[in-house]
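This report refers to the structure that appears directly beneath it.
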Amino acid sequence: MAPFPARRDGGLSQELWMSFIFRDAAPEDLPTILAMNGQAGVSVAAMDRDMLDCHFANAAYFRVAECDGGLAGFLIGFDHEAGTGNAGYLWMRERQPAFAYIDRIVVAPAFRGHGLGRVLYADIISFAEVRVPVLACQVSLEPHDNASLMFHASMGFKEVAQLAVPEGRIGVMERTLCSFPFVRDTYLAGGGHLPDLPWLAARELPDAEIPTRRVGCG
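Per full-length UniProt numbering, residue 1 is the first one in the sequence shown, and the count goes up by one each step.
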């Protein structure tokens, strides 16, 4: 599946927004996702096909935004049971018994600056807040990424740590998920489970030779 082509006028019509489909990533999306990641710039960590396959096999959340048959964006997130080996995730895993973690988000150039990133973040927040108390991510401090810092601050994230990494320095950011205590006490306490509703369903992990539910994809 190809990325969505750029629009000449740079705008998004209401009709175009209405044509968006948000769905779990499929195997046939992976070549396009890999290409989009490679074109995303220095603010998004590099990823080869082996790492992408590992993410696809392990990620608790892996969704794409599709528009008119093309991919407009994607977001990959992990939980505390399986995830990436990056510094921010490992820092969280040492300190939080239950959390979700945004590994990366990529929006195609034609859709940047129009709110698609916020929509994808709203979707993973909705996914996470019925499962865990905290959603986390990391942002670059050296080199400084003002756009990412402001975006995450506006989405309710706050810095909880700074870590030195080979590329420079990162900030670990958290958002407390205020709905979780109610969900935990009402549905999950005593070995309970979420209601059987389509929008609450967990992602079905693919059958693959790649070991699933582990830490260390890249």
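For each residue, glycine too, the CB sits at the ideal point set by N, CA and C.
Rounded C-alpha distance that separates residue i from residue j
i	j	result
Leu30	Leu52	8 Å
Phe62	Lys158	23 Å
Ala202	Asp24	10 Å
Cys54	Asp103	13 Å
Val132	Val64	22 Å
Pro206	Ala26	9 Å
Val44	Ala108	13 Å
Gly192	Glu174	26 Å
Leu90	Pro143	21 Å
Phe127	Phe180	11 Å
Asn86	Pro198	32 Å
Ile125	Ala40	23 Å
Pro195	Met92	28 Å
Arg169	Leu141	5 Å
Asp145	Cys217	24 Å
Met150	Pro97	28 Å
Gly38	Ala189	43 Å
With 16 other Cβ atoms within 10 Å as the buried cut-off, status of residue i
i	result
Thr176	exposed
Leu116	buried
Arg7	Unreliable positioning characterises Arg7 in this predicted model, as indicated by a pLDDT of 48, which lies under 50. The coordinate reading is nonetheless provided below. It counts as exposed.
Phe182	exposed
Glu129	buried
Ser154	exposed
Asp50	exposed
Bridge partner(s) assigned by DSSP for residue i
i	result
Tyr101	Phe78 and Ala136
Tyr121	Tyr121 is not bridged to any residue.
Tyr61	Gly77
Val107	Gly73
For residue i, the three-state DSSP class (helix, strand or coil)
i	result
Arg8	Model confidence at Arg8 stands at a pLDDT of 49, short of 50, so the residue's coordinates are unreliable and nothing is read from them.
Leu163	strand
Asp24	strand
Leu141	strand
Met51	helix
Arg169	strand
Glu174	strand
Gly190	helix
Gly88	helix
Gly115	coil
Gly41	coil
Chain B contact for residue i (CB, 9 Å cutoff)
i	result
Gly77	The chain labelled as chain B is not found in the depicted structure, where only one protein chain is given.
Proximity of residue i and residue j at Cβ, strictly below 9 Å
i	j	result
Val106	Ile21	no
Ala136	Val165	no
Leu163	Asp123	no
Val139	Gly171	yes
Asp147	Ala100	What sits at residue 147 in the sequence shown is Ala, not Asp. No, these two residues do not count as a Cβ contact at 9 Å.
Ala82	Phe111	no
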